[in-house]
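These notes concern the structure reproduced below.
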Amino acid sequence: MKHLFSKHLREIGILFSIAMPFILFSCQTNLKDETGKAVVVKIAQPTENEIKLSLIADSLVYIPLETQNDLLIGQITKLSVSDNYLYVLDEITSNVFCFTHDGKFVRKIGNRGVGPGEYVEINDVTTYSQQVYLWDGNLRKIFIYDGESGELKQEVKTDYWAEYIHVIDDSWIALYGDYKNNTAYVENGKTPNVLFWNIRTGETHPASWIDSKMLQSSGIYGSLTVFTDCGSYLSTLDNCLYQMNSRPSLDKKIIFALESPLADAFDNYKEKLLSTRIEAYEVAELIQGFPSWASVNETDKYLIFNYQIKSCQCMLIHNKETGNFIEGCSKGKLPIRNDIDNIDGISKLYFLSSHGNILYTSLPPYMEGLDKTSWGKYLKEDDNPIIVAIHMKKAIN
Numbered sequence: 078m079k080h081l082f083s084k085h086l087r088e089i090g091i092l093f094s095i096a097m098p099f100i101l102f103s104c105q106t107n108l109k110d111e112t113g114k115a116v117v118v119k120i121a122q123p124t125e126n127e128i129k130l131s132l133i134a135d136s137l138v139y140i141p142l143e144t145q146n147d148l149l150i151g152q153i154t155k156l157s158v159s160d161n162y163l164y165v166l167d168e169i170t171s172n173v174f175c176f177t178h179d180g181k182f183v184r185k186i187g188n189r190g191v192g193p194g195e196y197v198e199i200n201d202v203t204t205y206s207q208q209v210y211l212w213d214g215n216l217r218k219i220f221i222y223d224g225e226s227g228e229l230k231q232e233v234k235t236d237y238w239a240e241y242i243h244v245i246d247d248s249w250i251a252l253y254g255d256y257k258n259n260t261a262y263v264e265n266g267k268t269p270n271v272l273f274w275n276i277r278t279g280e281t282h283p284a285s286w287i288d289s290k291m292l293q294s295s296g297i298y299g300s301l302t303v304f305t306d307c308g309s310y311l312s313t314l315d316n317c318l319y320q321m322n323s324r325p326s327l328d329k330k331i332i333f334a335l336e337s338p339l340a341d342a343f344d345n346y347k348e349k350l351l352s353t354r355i356e357a358y359e360v361a362e363l364i365q366g367f368p369s370w371a372s373v374n375e376t377d378k379y380l381i382f383n384y385q386i387k388s389c390q391c392m393l394i395h396n397k398e399t400g401n402f403i404e405g406c407s408k409g410k411l412p413i414r415n416d417i418d419n420i421d422g423i424s425k426l427y428f429l430s431s432h433g434n435i436l437y438t439s440l441p442p443y444m445e446g447l448d449k450t451s452w453g454k455y456l457k458e459d460d461n462p463i464i465v466a467i468h469m470k471k472a473i474n
């Protein structure tokens, strides 16, 4: 099983917008779990409204990625942003390209092949402390490169089968299994969906346990993103956001409490995972009645969640400083209106990444409206995508 839910999204043509209509939750910042630490957020049936992009963002900066004959990006799967560079993972070629923040090509990271120091297929890319980490899920290896020179510094192999990675510090890395059957780590009939791995000592700490019976199904949906740049981890079958740390451990941060009938539909889905084999094609129908998490992103001040309930696409924004939550959903359409520069294509895409207080997404060069800009008229249809940096407001009114 690999990215079943993300593949399902592409098949049915659903793309999550960068913003949605919003309604302020009532009294949710006063709710805590039994420990008094995690915030409990109630999620009910969605409602519809429109929102202006200017209510959550100050400005948009467009970054056309340099195009060359031997530098053509087919599909951006992951964007990782450091202080100096943009790292783009191309799903089609399984290459990682490095660009400056103004879109100038710098280098390709690593080499694809079967020789020493080469990867077979890159599943994830991330950065930490001026280093670039590539994860090859087939080889179950992490390749670590110097962010300035692009030189390979280290490669480390594990026996854990994972889809995504997050670097916690110079030693600890979190691996996300995406509901794979890591039989070597099964304990008491449960499988860890997250493994903390110390790449210096080899020490491991399994976490985020799930019942191994669920793995008989190929219909467990996965999220487009589960790790944030600020070290949060979204567990889709827990409806919970955790904070990761280098102890290492998972600390509950936000608990999403589903109200009826959403809770009933979710419980029914989990019971079926335990009792019968669910095929991938059956997922679309089963996940209709409860929030199916698509992505989570995190800036310095905000957490941004995208999820779907039936035909409604929804967003939840958490102001980490004030504790307030804002929610919005749209049925059958994306009603966000880009009143900053009126390029409507922004509302049809999901977030790729974040860095500081900036959210990032991308646009194809042929997106309607780009030709009206001073730089867009020079774009060609087969040029590389445009990265969009969305500068979030410091506070949402």
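Residues 78 to 474, numbered by the numbering used here, are exactly what the sequence shown covers, in order.
Glycine included, C-beta positions come from ideal geometry on N, C-alpha and C.
All values derive from a computational prediction rather than experimental measurement.
Assigned with DSSP and collapsed to three states, A121 falls in coil, not helix or strand.
Taking a cut-off of 8 Å on C-beta distances, the stretch 179-195 touches the stretch 209-223, as three or more cross pairs fall below it. Taking C-beta atoms as the reference points, L314 and I287 count as a pair closer than 8 Å. Restricting attention to beta strand (DSSP E) runs no shorter than 3 residues, the stretch 216-286 encloses them at 218-223, 229-234, 241-244, 249-253, 267-275, ordered along the chain. Here the C-alpha atom of V118 lies approximately 19 Å from the C-alpha atom of L327. Annotation: the continuous alpha helix (DSSP H) that includes L350 extends over 339-352. Within the DSSP bridge table, the entry for M321 names L327 as partners. Between L301 and A371 a beta carbon distance of about 5 Å is seen, short of the 8 Å cut, so the two are scored as contacting.
S289 sits in a helix when the DSSP states are folded into three classes. Between S171 and T204, the CB-CB gap reaches or exceeds 8 Å. Residues of the same chain with a CB within less than 7 Å of the CB of D246, apart from the 5 flanking positions on each side, are S323 in chain order. Runs of the beta strand (DSSP E) spanning 3 or more residues and lying entirely within the stretch 401-458 occur at 402-408, 430-432, 435-440, in chain order. By a beta-carbon distance limit of 8 Å, G187 does not contact L142. Their separation comes to about 19 Å.
Taking 8 Å as the cut-off, the Cβ atoms of V373 and L318 count as close. Taking the CA atoms as reference points, E458 sits about 42 Å from A121. A distance below 8 Å between beta-carbons, with the five flanking residues on each side excluded, links N461 to the following residues of its chain, in chain order: P141, L142, E143, T144, L148, L149, I150, P442.
If you look at E375, you'll find it in the beta strand (DSSP E) that goes 369-375. The stretch 165-214 is shown to contain whole beta strand (DSSP E) runs of 3 or more residues at 172-177, 182-186, 201-205, 208-213, in chain order. A direct Cα-Cα distance of roughly 6 Å separates N415 from D421.
Nearest C-alpha to A357 among N345, S312, Q293, K330: Q293. Burial is judged here by how many other beta carbons sit within 10 angstroms of a residue's own beta carbon; G190 has fewer than 16 and is exposed. Note that the C-beta distance between V271 and Y210 is not below 8 Å. Of all alpha-carbon atoms in Y437, E445, L429, the one lying nearest the alpha-carbon of D201 is that of L429.
Boundaries of the alpha helix (DSSP H) around L363: 360-363. Residue burial annotation: N316 is buried, with at least 16 other C-beta atoms found within 10 angstroms of its C-beta. Relative to N161, the option among C175, T154, D255, I169 whose CA is nearest is C175. Judged by DSSP in its simplified three-state form, L380 adopts strand. If you check the CB distance, M469 and N419 do not come in under 8 Å.
DSSP, reduced to helix, strand and coil, places S294 outside both helices and strands of the structure shown, so it counts as coil. With 16 or more other Cβ atoms from the protein chains shown falling within 10 Å of its own Cβ, E232 counts as buried. Bounds of the beta strand (DSSP E) holding D135 are 134-141. Of the other Cβ atoms in all chains shown, fewer than 16 fall within 10 Å of the Cβ of L351; this residue is therefore exposed. Y139 places its beta carbon 8 Å or farther from that of V360. Closest in C-alpha terms to S431, from the list Y379, G400, E404, comes Y379.
A direct Cα-Cα distance of roughly 44 Å separates L130 from K290.
Between L137 and I153, the C-beta spacing is not below 8 Å.
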